[in-house]
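J.: I have a structure I would like to understand better, so I am pasting it below and will then ask my questions one at a time.
Number of protein chains: 2
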Amino acid sequence: MLVPVEKPKSKREGLRRETLALILATGEQIFADHGLKGATMQAIADGANLPKANLHYYFPTKHDLYRQVVERIFNIWLDAAESFDTQANPEQALGTYIRKKMEISRSHPYGSKVWANEVIHGAPIIHDYLETTLAEWTDSRIAVIERWEFEGLIDPVNPRHLLYMIWSTTQHYADFSHQIATLNGGVPFNDAQWAQATECVTNIILKGIGVKRAAPS
Amino acid sequence: MLVPVEKPKSKREGLRRETLALILATGEQIFADHGLKGATMQAIADGANLPKANLHYYFPTKHDLYRQVVERIFNIWLDAAESFDTQANPEQALGTYIRKKMEISRSHPYGSKVWANEVIHGAPIIHDYLETTLAEWTDSRIAVIERWEFEGLIDPVNPRHLLYMIWSTTQHYADFSHQIATLNGGVPFNDAQWAQATECVTNIILKGIGVKRAAPS
DNA sequence: AATTCTTTTGACCAATTGGTCAGGTTGACG
DNA sequence: CGTCAACCTGACCAATTGGTCAAAAGAATT
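So the protein sequences, as listed, match chains V and B.
For the first sequence, my numbering gives the first residue as 252, with consecutive numbering after it.
For the second sequence, my numbering gives the first residue as 252, with consecutive numbering after it.
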């Protein structure tokens, strides 16, 4: 899903890409911290060390910039979604998916926050994605989970709620990072704490749906 | 925790309370849908059918109104927190707490969204609550969960992550209601679906931490 | 070197919006 | 009924901010 990066054809092309990436990254952070309305083009410009008028050269309107930020996040989400291997066994498929989502929460906290913000406010921009791509992905995975149930590999559970549980628990570590840091003595998680969080979430969910786990070696 | 409602002493007093309640309720909804910056006093005024200047009579600034909306939500949260009975057994205490939180997600979706928004954006207003009241409550419940572990009533799990899991899964149904409705054919959950969600979440979490459950009657 | 196209930028504008205020209205109370 | 305090409200203002534009600077091409 990730777009392969091609070589820039010229100095111009290279600079252009750098500038675009810089604006998108800065915008992601500002939008995450202040919301769509609260983020100002001036703040994004300052964060990227560019004059405001330059932003409008690359992104005609704030909405255009915001939309591209959100689309980028959605692609990252899709990338993780593919790790939910429909061929593997429950422990593998779900375990890999949960771990991948936890990694994203750690590596892309701003993107996750922008996404959360967007959905909380009624998803005015991404409504189409939810209805099409997300709905299709969800349906396909629900079918897989139902097959597992039928085969007795997991307890009978409503697959939809299982997916919601995975989404909410993993994204919580990104979206509510400030609350979590505050309850962690004011400092963000370190490597060990992230590892423990991932393990803990994975274990509880897998055990919670009665996954038949491979015997510990 | 909920403040007992006293009788109004006069017609004025009664009207005053009604107006305050109306503004707070309307503000909660507008803040939930548009965020702190995106919500305008004019929109809240229109929603409450009041002239804008009247809002400023009761709440001098938008921040004052916002702060009171957030404080009200925090009190509702505290009310649910008390249902986490430190005397009961794990199944009772956690089950009641989860169910209560699910009820709040259904009955106060706007409040939950405002709270989520606030935390996502770094909790500029409620930082004090997180550091004091929330931290104390969390510590006290962690102690209880550790006692359960010690007594062998539940598996050894990191209590902090268990709490985060309960918070995230239950609040997800309020905060991401739009996404959930979209994946539900565009309509919000009905009674039966809420009941199933509650049961499903409760079961997976309780089983996930190995709670010794009372034998089914 | 000359030309053309892309990119950069400071100055500017119009619309939005939080907040003010003076004057009017209404209820409480003696 | 008269007085006073609380309440209501239309009109207004100053600050912010998304977006524009013309002119300058820089790269590519001939």
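Don't be surprised by glycine CBs; every beta carbon is placed ideally from N, CA and C.
(1) With three or more beta-carbon pairs closer than 8 Å as the criterion, would you say the segment 374–386 of chain V touches the segment 270–278 of chain B?
(2) Decide if glutamate 348/V is buried, meaning its Cβ has at least 16 other Cβ atoms within 10 Å, or exposed.
(3) Mapping DSSP to helix, strand and coil, what is glutamate 264/B?
(4) Counting only Cβ-Cβ distances shorter than 8 Å, please list the residues of the segment 362–393 of chain B near chain V, keeping chain order.
(5) Determine the direct distance from the alpha carbon of leucine 329/V to that of threonine 389/V, and round the result to whole angstroms.
(6) Tell me, to the nearest whole angstrom, how far the beta carbon of valine 477/V is from that of isoleucine 324/V; I am working on the premise that it is less than 8 Å.
(7) Which word fits threonine 421/V, buried or exposed, when buried means at least 16 other C-beta atoms lie within 10 angstroms of its C-beta?
(8) At which residue ranges does the segment 328–375 of chain V contain complete beta strand (DSSP E) runs of 3 or more residues, listed in the order of the chain?
(9) Could you name the residues of the same chain whose beta carbon sits closer than 8 Å to that of asparagine 368/B, not counting the 5 residues immediately before and after it, in chain order?
(10) Determine, for glutamine 447/V, whether the minimum Cβ-Cβ distance to residues of chain B falls below 8 Å.
(11) First and last residue of the alpha helix (DSSP H) that includes valine 194/B?
(12) If we count Cβ pairs, one from each stretch, closer than 8 Å, do we get three or more for the segment 413–429 of chain B versus the segment 339–353 of chain B?
(13) May I ask you to list, following chain order, the residues of the segment 347–359 of chain V that have a beta carbon less than 8 Å from some beta carbon of chain B?
(14) Under 9 Å Cβ-Cβ, which residues of chain V neighbour phenylalanine 440/B?
(15) Quick check: what's the CA-CA separation for glutamate 382/V versus isoleucine 431/B?
(16) Suppose contacts are defined by Cβ-Cβ distances below 8 Å. Is tyrosine 380/V in contact with glutamine 280/V by that definition?
(17) Considering only C-alpha positions, which residue in the set Ser358/B, Arg464/B and Gly403/B is nearest to serine 428/B?
(18) Going along chain V in order, which residues have a C-beta closer than 9 Å to the C-beta of aspartate 426/B?
(19) Would you check if the distance between the CB atom of proline 341/B and the CB atom of valine 452/B is smaller than 8 Å?
(20) Just the chain V side, please: which residues come within less than 7 Å of methionine 292/B by C-beta, in chain order?
(21) Are isoleucine 455/B and aspartate 406/B closer than 8 Å when you measure CB to CB?
(22) If you count every other CB in all the chains shown that lies within 10 Å of the CB of serine 391/V, and 16 or more means buried, which is it?
(23) Would you list, in chain order, the members of the segment 397–410 of chain B that have their beta-carbon closer than 7 Å to a beta-carbon of chain V?
(24) Under the rule that 16 or more other beta-carbon atoms within 10 Å means buried, what is histidine 412/V, buried or exposed?
(25) Nearest-angstrom Cα distance between asparagine 305/V and arginine 267/V?
(26) If you draw a straight line from the C-alpha of isoleucine 396/B to the C-alpha of valine 408/B, how long is it?
(27) By the three-class DSSP mapping on this structure, what secondary structure does isoleucine 377/V have?
(28) Is lysine 463/V near the ligand COA, going by C-beta to nearest heavy atom under 7 Å?
(29) Would threonine 277/V be called buried (16 or more neighbouring beta carbons within 10 Å of its own) or exposed?
(30) Looking only at its chain, what residues have a beta carbon closer than 7 Å to the beta carbon of phenylalanine 335/B, apart from the 5 residues adjacent to it on each side?
(31) I'd like the span of the alpha helix (DSSP H) that includes valine 452/V, first residue to last.
(32) Could you tell me the alpha carbon to alpha carbon distance between glutamate 333/B and isoleucine 355/B, rounded to whole angstroms?
(33) Where does valine 408/V fall in DSSP's three states?
(34) Check for me: the alpha helix (DSSP H) holding arginine 464/V runs from which residue to which?
(35) From methionine 353/V to arginine 318/B, what does the alpha carbon distance come to, in whole angstroms?
T.: On the basis of the supplied data:
(1) no
(2) As a position in the first sequence, residue 348/V is number 97, starting the count at 1. Looking at the sequence shown, residue 348/V is not glutamate but tyrosine. The residue in question, tyrosine 348/V, is buried, as its Cβ has 16 or more Cβ neighbours within 10 Å.
(3) Reading the second sequence from its first residue, position 13 is the one you call residue 264/B. Reduced to three states, the DSSP call for glutamate 264/B is helix.
(4) Lys364, Ala367, Asn368, Val370, Ile371, His372, Gly373, Ala374, His378, Leu381, Glu382, Leu385, Ala386 and Thr389
(5) Numbered from its first residue, the first sequence carries residue 389/V at position 138. Numbered from its first residue, the first sequence carries residue 329/V at position 78. Each residue's alpha carbon lies about 11 Å from the other.
(6) Limits of chain V in this structure are 252 at one end and 468 at the other, which puts residue 477/V out of reach.
(7) Translated into the one-based positions of the first sequence, residue 421/V becomes position 170. Buried: at least 16 other Cβ atoms inside 10 Å.
(8) none
(9) On the second sequence, position 117 is the one that residue 368/B refers to. Excluding sequence neighbours, asparagine 368/B sits near Phe282, Ala283, Gly286 and Leu287.
(10) Along the first sequence, one-based indexing puts residue 447/V at 196. Yes, contact with chain B.
(11) As shown, chain B starts at 252 and ends at 468. That puts residue 194/B outside it, with no answer to give.
(12) yes
(13) none
(14) Taking the first residue of the second sequence as 1, we reach residue 440/B at position 189. Chain V residues near phenylalanine 440/B: none, gap ~11 Å exceeds 9 Å.
(15) On the first sequence, position 131 is the one that residue 382/V refers to. On the second sequence, position 180 is the one that residue 431/B refers to. Taking the straight line from one Cα to the other gives about 11 Å.
(16) Against the first sequence, residue 380/V aligns to sequence position 129. Against the first sequence, residue 280/V aligns to sequence position 29. Taking 8 Å as the Cβ cut-off, tyrosine 380/V and glutamine 280/V do not qualify as a contacting pair.
(17) The sequence position of residue 428/B within the second sequence is 177, counting from 1. Closest option to serine 428/B, Cα to Cα, is Ser358/B.
(18) The count along the second sequence starts at 1 and reaches residue 426/B at position 175. In chain order: Ala367, Val370, Ile371, Ser419 and Asp426.
(19) The sequence position of residue 341/B within the second sequence is 90, counting from 1. The sequence position of residue 452/B within the second sequence is 201, counting from 1. In this structure, valine 452/B does not lie closer than 8 Å to proline 341/B by Cβ.
(20) The count along the second sequence starts at 1 and reaches residue 292/B at position 41. What methionine 292/B touches in chain V: nothing, since even the nearest Cβ is about 14 Å away.
(21) Residue numbering aside, residue 455/B sits at position 204 when the second sequence is read from its first letter. Residue numbering aside, residue 406/B sits at position 155 when the second sequence is read from its first letter. Against a cut-off of 8 Å, the Cβ pair of aspartate 406/B and isoleucine 455/B comes out as no contact.
(22) Mapped onto the first sequence, residue 391/V falls at position 140. Counting Cβ neighbours within 10 Å, serine 391/V comes out exposed, since fewer than 16 surround it.
(23) Val408 and Asn409
(24) Start at 1 with the first residue of the first sequence, and residue 412/V comes out as number 161. Buried, since its Cβ has 16 or more Cβ neighbours within 10 Å.
(25) Here residue 305/V refers to the residue found at position 54 of the first sequence. Here residue 267/V refers to the residue found at position 16 of the first sequence. When rounded, the distance between both Cα atoms is 12 Å.
(26) In the second sequence, residue 396/B corresponds to position 145, counting from 1. In the second sequence, residue 408/B corresponds to position 157, counting from 1. So the alpha carbons of these two residues sit roughly 9 Å apart.
(27) Walking along the first sequence from the start, residue 377/V turns up at place 126. Residue state, collapsed to three classes: coil.
(28) Because no ligand of any kind appears in the structure shown, any question about the ligand COA cannot be addressed here.
(29) The residue you call residue 277/V lines up with position 26 of the first sequence. Answer is buried; the Cβ neighbour count reaches 16.
(30) As a first step, residue 335/B is located in the second sequence; it is residue number 84 there, counting from the start. Same-chain partners within the cutoff: Ala344, Tyr348 and Arg392.
(31) Numbered from 1 along the first sequence, position 201 holds the residue referred to as residue 452/V. Here the alpha helix (DSSP H) through valine 452/V covers 442–459.
(32) Here residue 333/B refers to the residue found at position 82 when the second sequence is read from its first residue. Here residue 355/B refers to the residue found at position 104 when the second sequence is read from its first residue. Going from the Cα of glutamate 333/B to the Cα of isoleucine 355/B covers about 13 Å.
(33) Stepping through the first sequence from its first residue, residue 408/V is reached at position 157. Correct three-state label for valine 408/V: coil.
(34) Indexing the first sequence from 1 puts residue 464/V at position 213. It is not in any alpha helix (DSSP H) - arginine 464/V carries neither H nor E in the DSSP assignment.
(35) Start at 1 with the first residue of the first sequence, and residue 353/V comes out as number 102. Start at 1 with the first residue of the second sequence, and residue 318/B comes out as number 67. So the alpha carbons of these two residues sit roughly 32 Å apart.
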